[in-house]
Amino acid sequence: MIRMSYSLQLAWLGIRRNPAIAGLIVLTLALGVGATMTALALFLLLSSDPLPDRSGQVYAVQIDSREAPAPTEDSTSPEPPDLIGMSDGLRLLDARRAQRQALMVNALFSIRSGQASKDGEIGLMATADLFPMFGVRFLYGGPWTAADEQARARVVVISAELNQTLFDGRNSVGETVEVNGETFRVAGISARWNPRPHFFLLSSFVYGDEGEQIFVPVQTANELGFSPVGQINCNGRSALNMQSPDPDRCRWLAYWVELESAAAVQSYRDYLLADSREQQALGRFERAPNVKLSTVNEWLEAHKVVPDDVRLGVWIAFSLFAVCLANAAGLLSAKFLRRSSEIGIRRALGATRRSVFVQYLAEAGLLGLLGSVCALPLVALGLWVIRQQPVAYAFMAEIDPWLFLELLVLAVLVTAVVGGLPAWRACRVAPAIQVKSL
Amino acid sequence: MDIQPILKALRHQKTAALLIAFEIALACAIICNATFLIVSRLERSQMLSGVAESELLRIRAASLDDDEDKMARIREDIAGLRGIPGVVSVTATQQVPFGQSSWNSGVRTSPDQQNSVVNATTYYDGGEMVSTFGLKLVAGRDFSPDEYYDFDDVASGAVTPSSIIITRTLANRLWPGEPPLNQAIYMGGSDPLRVIGVVETLVRPSIWDDSTAHDCMIFPTRGAPGTQYVLRVQGITPDAVIESATAKLKALQPNRIVRGAETFTQLREEYFRQDRVMAVLLMTVIAALLVVTALGIVGLASFWVQRRQRHIGIRRALGATRGNILRYFQLENFLIVSAGILAGMFAAYGINAWLMQHYELSRLPAYYLPIGALSLWLLGQLSVLHPALRATRVPPAMATRGG
Numbered sequence: 001m002i003r004m005s006y007s008l009q010l011a012w013l014g015i016r017r018n019p020a021i022a023g024l025i026v027l028t029l030a031l032g033v034g035a036t037m038t039a040l041a042l043f044l045l046l047s048s049d050p051l052p053d054r055s056g057q058v059y060a061v062q063i064d065s066r067e068a069p070a071p072t073e074d075s076t077s078p079e080p081p082d083l084i085g086m087s088d089g090l091r092l093l094d095a096r097r098a099q100r101q102a103l104m105v106n107a108l109f110s111i112r113s114g115q116a117s118k119d120g121e122i123g124l125m126a127t128a129d130l131f132p133m134f135g136v137r138f139l140y141g142g143p144w145t146a147a148d149e150q151a152r153a154r155v156v157v158i159s160a161e162l163n164q165t166l167f168d169g170r171n172s173v174g175e176t177v178e179v180n181g182e183t184f185r186v187a188g189i190s191a192r193w194n195p196r197p198h199f200f201l202l203s204s205f206v207y208g209d210e211g212e213q214i215f216v217p218v219q220t221a222n223e224l225g226f227s228p229v230g231q232i233n234c235n236g237r238s239a240l241n242m243q244s245p246d247p248d249r250c251r252w253l254a255y256w257v258e259l260e261s262a263a264a265v266q267s268y269r270d271y272l273l274a275d276s277r278e279q280q281a282l283g284r285f286e287r288a289p290n291v292k293l294s295t296v297n298e299w300l301e302a303h304k305v306v307p308d309d310v311r312l313g314v315w316i317a318f319s320l321f322a323v324c325l326a327n328a329a330g331l332l333s334a335k336f337l338r339r340s341s342e343i344g345i346r347r348a349l350g351a352t353r354r355s356v357f358v359q360y361l362a363e364a365g366l367l368g369l370l371g372s373v374c375a376l377p378l379v380a381l382g383l384w385v386i387r388q389q390p391v392a393y394a395f396m397a398e399i400d401p402w403l404f405l406e407l408l409v410l411a412v413l414v415t416a417v418v419g420g421l422p423a424w425r426a427c428r429v430a431p432a433i434q435v436k437s438l
Numbered sequence: 001m002d003i004q005p006i007l008k009a010l011r012h013q014k015t016a017a018l019l020i021a022f023e024i025a026l027a028c029a030i031i032c033n034a035t036f037l038i039v040s041r042l043e044r045s046q047m048l049s050g051v052a053e054s055e056l057l058r059i060r061a062a063s064l065d066d067d068e069d070k071m072a073r074i075r076e077d078i079a080g081l082r083g084i085p086g087v088v089s090v091t092a093t094q095q096v097p098f099g100q101s102s103w104n105s106g107v108r109t110s111p112d113q114q115n116s117v118v119n120a121t122t123y124y125d126g127g128e129m130v131s132t133f134g135l136k137l138v139a140g141r142d143f144s145p146d147e148y149y150d151f152d153d154v155a156s157g158a159v160t161p162s163s164i165i166i167t168r169t170l171a172n173r174l175w176p177g178e179p180p181l182n183q184a185i186y187m188g189g190s191d192p193l194r195v196i197g198v199v200e201t202l203v204r205p206s207i208w209d210d211s212t213a214h215d216c217m218i219f220p221t222r223g224a225p226g227t228q229y230v231l232r233v234q235g236i237t238p239d240a241v242i243e244s245a246t247a248k249l250k251a252l253q254p255n256r257i258v259r260g261a262e263t264f265t266q267l268r269e270e271y272f273r274q275d276r277v278m279a280v281l282l283m284t285v286i287a288a289l290l291v292v293t294a295l296g297i298v299g300l301a302s303f304w305v306q307r308r309q310r311h312i313g314i315r316r317a318l319g320a321t322r323g324n325i326l327r328y329f330q331l332e333n334f335l336i337v338s339a340g341i342l343a344g345m346f347a348a349y350g351i352n353a354w355l356m357q358h359y360e361l362s363r364l365p366a367y368y369l370p371i372g373a374l375s376l377w378l379l380g381q382l383s384v385l386h387p388a389l390r391a392t393r394v395p396p397a398m399a400t401r402g403g
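Take a look at the structure:
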């Protein structure tokens with residue numbers, strides 16, 4: 001214990017002996033650590049889990065409802081399409097074979113209540129299980145019911161933000177709003193909800209700064225002819241009509257389910273295969289049964305949600321870090337070797353190699369710590385710069401203190417290891433020659 | 001000057017010299033690749049669109065597809081928009097250059113061809129597209145008014161399209177070396193579409209492969225789903241008519257949602273935003289890298305000068321001039337940096353090969369290597385200058401002092 005504090009004391013003296021070089025080392029390390037931390041923070045933010053706690057049991061469902069591949073089709077993708085059609089969706093939904101299941105698609109709505117109105121609000125046409133499955137919380141009221149869906153009831157869930165605009169934030173459950181010109185009853189007010197990335201409908205957008213503001217039962221919306229937005233793919237020559245897509249031949253909806261155990265996943269997959277076989281027997285599906293269940297993370301991975309540029313940025317930052325470390329190590333080695341005579345004396349007076357090594361390692365570690373601490377304002381600056389950039393994910397760039405701490409420890413360790421090389425050279429100095437030269 | 005003594009002296013500070021050389025090597029590799037990335041990104045963001053961007057405005061309203069009188073409404077909208085002061089022409093289409101969402105189709109050059117030859121994007125010209133966009137016809141002619149048909153009539157099979165205008169890139173891809181006019185292409189069925197005109201260039205709304213960015217076809221089709229309007233404005237800037245155009249569309253149909261208007265300058269900026277952000281980021285990294293490397297060289301060189309004061313003094317006492325001392329340190333730096341650059345060039349190609357595998361990058365052109373080398377030599381010499389000049393001021397009398 002005493003020896004450790006003595007080593008640290010000597011290290012501090014060593015740093016103060018040559019403040020210019022020490023300053024350079026700290027500055028270099030701060031730059032490297034700062035750049036790496038900024039890039040890594042952004043990378044981790046972008047690859048973060050949009051549904052913490054439950055992402056492992058929520059699955060995207062893919063079934064293959066495409067027309068038979070033409071004999072000439074040059075690339076038959078083995079992957080079933082991401083989206084499904086209304087008929088298939090409603091059939092799976094009504095079977096209720098998963099713990100929870102929801103069908104969903106984005107749409108733009110114009111909403112009015114008395115004098116207040118909002119145009120072009122992004123919303124979801126969905127089914128009721130979406131709320132508990134995706135962790136949407138409610139300020140007032142709650143989701144609509146399955147009975148509402150069956151009855152094609154005109155019920156709606158609006159966001160707290162929209163409730164603020166339309167009803168000044170009061171409990172508006174039971175009141176009516178006009179949605180695309182039709183009268184709806186408010187069933188619930190949802191708390192702020194904006195999973196990032198927007199994993200369940202990546203074709204609509206990937207990083208949004210607002211999230212959905214209104215939710216309408218998809219059956220009701222379908223009956224009223226509300227048009228979806230996003231991607232649509234159709235079999236055969238049916239026109240790509242986003243207004244009223246063909247429920248049998250077009251695909252534009254996402255289907256997600258919640259399955260609690262591996263056994264449930266297996267039996268659900270079996271159910272999907274049986275369903276596809278049945279549809280094939282009925283002549284509706286033209287391809288061999290091809291189904292897929294992906295967890296949220298598998299889904300994000302498969303869709304390359306983290307932009308390539310961010311990945312590249314992490315590599316660039318790490319190579320900058322490597323340059324900074326090489327630089328710091330070069331400076332450290334010069335600094336240590338300059339004190340060869342001092343080492344010689346300490347060794348001649350009986351200091352072991354180990355204690356000399358520990359002392360210099362402590363000095364390197366201390367410089368690493370100083371560098372990392374000085375990196376903090378640089379990280380803040382880097383993230384601020386990213387927030388100013390007009391890219392979709394920019395607003396997410398914030399400092400996470402735990403991440404910073406982890407990176408700080410990492411930086412100190414790496415610097416100490418890098419400092420180990422000059423420290424090792426320093427402790428090998430032969431005592432006699434150095435003493436003689438005095 | 002003889003480099004032998006320099007090498008000998010360097011052997012005494014192997015670690016530091018090697019570390020600096022390693023740093024230079026890394027810096028060289030990164031600078032070559034990063035500069036290449038910056039240049040490619042900036043070049044990409046300058047991609048030709050073929051349209052008169054500075055005079056165009058795109059405005060989108062909620063779709064009219066449910067409307068019984070869709071075609072009449074679109075005609076009304078176009079007439080209304082054309083009446084706005086400053087607007088010289090208006091076209092309706094379902095997609096615009098750099099507008100992200102696009103309609104694409106496989107194209108064949110003979111009816112019995114099994115596979116599509118190329119995939120091209122389809123622009124639906126709801127009237128006067130060529131003149132509104134400012135496209136340049138290099139062969140053939142524009143559509144005549146009687147050639148236009150309604151989208152719904154094609155969908156129902158009442159009309160069979162028979163003429164198209166294509167870009168020169170697409171023409172060259174389909175019939176290399178042949179005149180494209182009057183050639184036939186086939187899409188879904190066996191009905192030929194005759195090329196009646198060729199435009200110099202036009203870009204796709206969304207580009208996934210830069211080499212096919214200008215493969216476009218134009219059909220004389222009115223009233224496609226997702227119809228939007230493009231306004232050509234002269235005499236004032238396009239953003240000056242955003243408000244009046246929005247108000248006009250609202251006035252024509254009070255209940256509809258106007259989804260917003262963008263100038264084509266904005267569309268381009270948005271489309272290439274990511275590329276520009278990346279270029280700026282890379283420039284920052286290069287700057288940081290140069291600063292760090294320079295600081296390292298300055299620090300280490302000052303250090304060596306300090307350490308070798310006695311040695312310098314002896315040389316001065318033995319008759320070395322200040323110039324000799326200066327050149328000694330300059331040459332020493334040059335040797336270390338050159339070693340680093342040599343290793344760095346191999347590393348640069350290694351990194352480039354890796355990037356090519358993972359990020360769809362092309363091969364690093366060889367001329368980036370001398371650029372990287374030159375900048376680092378320059379950096380090295382500039383950084384060593386100050387410490388080396390300090391070395392020249394060491395008096396010969398230092399030789400007589402101990403330490």
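Residue numbers (this note's numbering), protein chains in the order written: chain A, 1 to 438; chain B, 1 to 403. Ideal Cβ placement from N, Cα and C applies to all residues, glycine included. None of the values given here were measured: they were computed from a predicted structure.
Closest Cα partner of residue i within the set the options
i	options	result
S498(A)	G181(A), R96(A), R91(A) and I84(A)	With chain A covering 1 to 438 only, the question about residue 498(A) has no answer from this structure.
Y359(B)	W315(A), F357(A), S340(A) and A380(A)	W315(A)
M187(B)	M398(B), M217(B), V90(B) and S206(B)	M217(B)
V117(B)	T132(B), Q94(B), L170(B) and F151(B)	L170(B)
D150(B)	Q253(B), R141(B), D142(B) and P161(B)	P161(B)
C324(A)	A39(A), F285(A), V418(A) and W256(A)	V418(A)
P431(A)	L383(A), L31(A), T352(A) and R287(A)	T352(A)
S362(B)	E76(B), A34(B), I336(B) and P176(B)	A34(B)
L18(B)	M278(B), T392(B), E332(B) and Q357(B)	E332(B)
Test: residue i CB closer than 8 Å to a CB of chain B
i	result
R17(A)	no
R339(A)	no
S203(A)	no
R443(A)	The structure shown does not extend to residue 443(A), since chain A is modelled only from 1 to 438, so the question has no answer here.
A239(A)	Only weak support exists for where A239(A) lies, its pLDDT of 47 falling under 50; the value from the coordinates is given anyway. Output row for A239(A): interface = yes.
A423(A)	no
T28(A)	yes
L108(A)	yes
G419(A)	no
Beta carbon proximity, residue i to chain A, threshold 8 Å
i	result
R278(B)	Per the sequence shown, the amino acid found at residue 278(B) is Met instead of Arg. Yes, because at least one Cβ of chain A sits closer than 8 Å to the Cβ of M278(B).
Y328(B)	no
I30(B)	yes
Q274(B)	yes
L56(B)	no
I6(B)	no
I257(B)	yes
I371(B)	no
Under 9 Å from the C-beta of residue i: neighbouring residues of chain B
i	result
A411(A)	The premise fails here: A411(A) is roughly 15 Å from chain B at the closest Cβ pair, so nothing lies under 9 Å.
Partner residues on chain B for residue i, Cβ-Cβ distance less than 8 Å
i	result
A35(A)	V285 and A288
Cross-chain neighbours of residue i in chain B, by beta carbon under 7 Å
i	result
L331(A)	G296, G299 and L300
Alpha-carbon spacing of residue i relative to residue j, whole angstroms
i	j	result
F205(A)	H198(A)	7 Å
G86(B)	Y207(A)	37 Å
F143(B)	D64(A)	41 Å
L45(A)	V306(A)	10 Å
M345(B)	A25(B)	7 Å
N222(A)	D82(A)	20 Å
V195(B)	S211(B)	22 Å
N352(B)	Q46(B)	23 Å
Chain A residues whose Cβ lies nearer than 8 Å to that of residue i
i	result
E23(B)	V323, A326, N327 and G330
Heavy atom of the ligand ADP within 7 Å of residue i beta-carbon
i	result
L376(A)	Looking for the ligand ADP in the displayed structure turns up nothing, as the structure carries no ligands at all.
Interface positions of the stretch 300-316 of chain B facing chain A (Cβ-Cβ less than 7 Å), listed along the chain: L300, F303 and R307
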